[in-house]
Amino acid sequence: HLAGDLAPSTGSVLEPILREFDSPAFRADVQALVAARAPEFAVLCPDGSHPLAWTAYHNEYRALFDRQLAQSLAVLGIPETDLPGFCQWLLAHQRSAFVEHGGADVFLEAVTASEDYNRFLDAVFAEVSRQVGEQISVEVPEGFGPGSPLLVEYLGVRYHLVVPEALGPGDVFQVAVQRPADTSEGLFTLPDSFYGLD
Numbered sequence: 012h013l014a015g016d017l018a019p020s021t022g023s024v025l026e027p028i029l030r031e032f033d034s035p036a037f038r039a040d041v042q043a044l045v046a047a048r049a050p051e052f053a054v055l056c057p058d059g060s061h062p063l064a065w066t067a068y069h070n071e072y073r074a075l076f077d078r079q080l081a082q083s084l085a086v087l088g089i090p091e092t093d094l095p096g097f098c099q100w101l102l103a104h105q106r107s108a109f110v111e112h113g114g115a116d117v118f119l120e121a122v123t124a125s126e127d128y129n130r131f132l133d134a135v136f137a138e139v140s141r142q143v144g145e146q147i148s149v150e151v152p153e154g155f156g157p158g159s160p161l162l163v164e165y166l167g168v169r170y171h172l173v174v175p176e177a178l179g180p181g182d183v184f185q186v187a188v189q190r191p192a193d194t195s196e197g198l199f200t201l202p203d204s205f206y207g208l209d
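One point on numbering: in the numbering used here, the residue at position 93 of the sequence shown is 104, and numbering is uninterrupted.
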C-alpha cells in the first residue's frame, strides 16, 4: 500500500527516487569522487590483481549511492527498513499501472549499480583517461611568432597558449590538453515509457 500511495498520475511510482539518482547534483558528486580518486588508479597491475586501496575507494563510491538512496527515501517518507519489503512489492506488482515497462528492474539496477565493482572500475578508468589527457597539434597562424599569446579552443574548452621559441607562421607544435568532465549523461538509462512519455 505504501507504493500505491506514491503513484503519480503518469509514469512510475519509482520516478521520484530515480530522479534523485539522475539529478545533476548527484552526478556532480559522483564525478567529484571519481575525479579525486582517479590518480590512484593510474597504475600498472602486472599480475592482474588490484591494490587493496581500490576496495576502500569502491566502498566510498557505494556509500555515496547509499546516502543518496537514504535521502531520497527520507524525502518520500519511506523508512530505510521498509526498502526490502518495498522492493519485493515492486517485483510482485511490476505489471501494475504505475510500475510499467520493467520499472522495477530499472529501479533495482539504479539502487544497486554502485555494488558492481567492475562498473565502478569502468567509471574510474574513464576518468583516468580523461585526466591523462591527449595531445593536440596547433598550427601557428599568420602574424604570430615566438612568445605571442595564442587562444585556441578544443572540444569547447579554451586554452591560452604561447607560441614556442623558434616557431613561426605555419609551424606546428604539440600541446597536452585535458578533456572536461562530462556529467550530462545519467548513471543509467530510463526509457521514455518509464516517465509515461511513450
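No residue lacks a Cβ here, since even glycine has one placed at the ideal position from N, Cα and C.
Count the other CB atoms within 10 Å of the CB of Val183; is the residue buried (16 or more) or exposed (fewer)?
-> Taking all protein chains shown into account, Val183 has fewer than 16 neighbouring C-beta atoms within 10 Å of its C-beta and is therefore exposed.
Between the stretch 86-105 and the stretch 34-46, do at least 3 Cβ pairs fall closer than 8 angstroms?
-> Segment contact: the stretch 86-105 against the stretch 34-46, fewer than three CB-CB distances shorter than 8 angstroms; contact not assigned.
Sequence-distant residues of its chain with Cβ nearer than 8 angstroms to Pro175 (five each side left out) | The beta carbon of Pro175 sits closer than 8 angstroms to the beta carbons of Pro157, Phe184 from its chain, once the five residues preceding and following it are set aside; these are given in chain order.
Sort out for me which residues DSSP pairs Ala187 with in a bridge.
-> Gln146.
Start-to-end residues for the beta strand (DSSP E) that takes in Val173 = Element bounds for Val173: 168-173.
If you drop the 5 nearest sequence neighbours on each side, which residues of the same chain put their C-beta closer than 6 angstroms to that of Arg141?
-> The residues are Arg190.
What residues in its chain sit with their C-beta under 8 angstroms from that of Arg30, if we drop five residues either side in the sequence?
-> For Arg30, where only same-chain residues beyond five positions count, there are no Cβ hits under 8 angstroms.
Consult DSSP for Glu126 and reduce its assignment to one of helix, strand or coil.
-> Here Glu126 sits in helix by DSSP.
For Val128, I'd like the list of residues in its chain whose CB is within less than 7 angstroms of its CB, leaving aside the five on either flank, ordered along the chain.
-> Checking the sequence shown, residue 128 turns out to be Tyr, not Val. The beta carbon of Tyr128 sits closer than 7 angstroms to the beta carbons of His69 from its chain, once the five residues preceding and following it are set aside; these are given in chain order.
Where does the unbroken beta strand (DSSP E) through Glu164 begin, and where does it stop?
-> Per DSSP, the continuous beta strand (DSSP E) segment holding Glu164 begins and ends at 160-165.
Is it the case that the Cβ atoms of Ala49 and Val149 are separated by a distance below 9 angstroms?
-> No, they are not a contact pair.
Compute the distance between the beta-carbons of Gly181 and Glu153, then report whether it is under 9 angstroms.
-> Against a cut-off of 9 angstroms, the Cβ pair of Glu153 and Gly181 comes out as a contact.
Look up Pro180 in the DSSP assignment and say whether it is helix, strand or coil.
-> Three-state DSSP puts Pro180 in coil, outside helix and strand.
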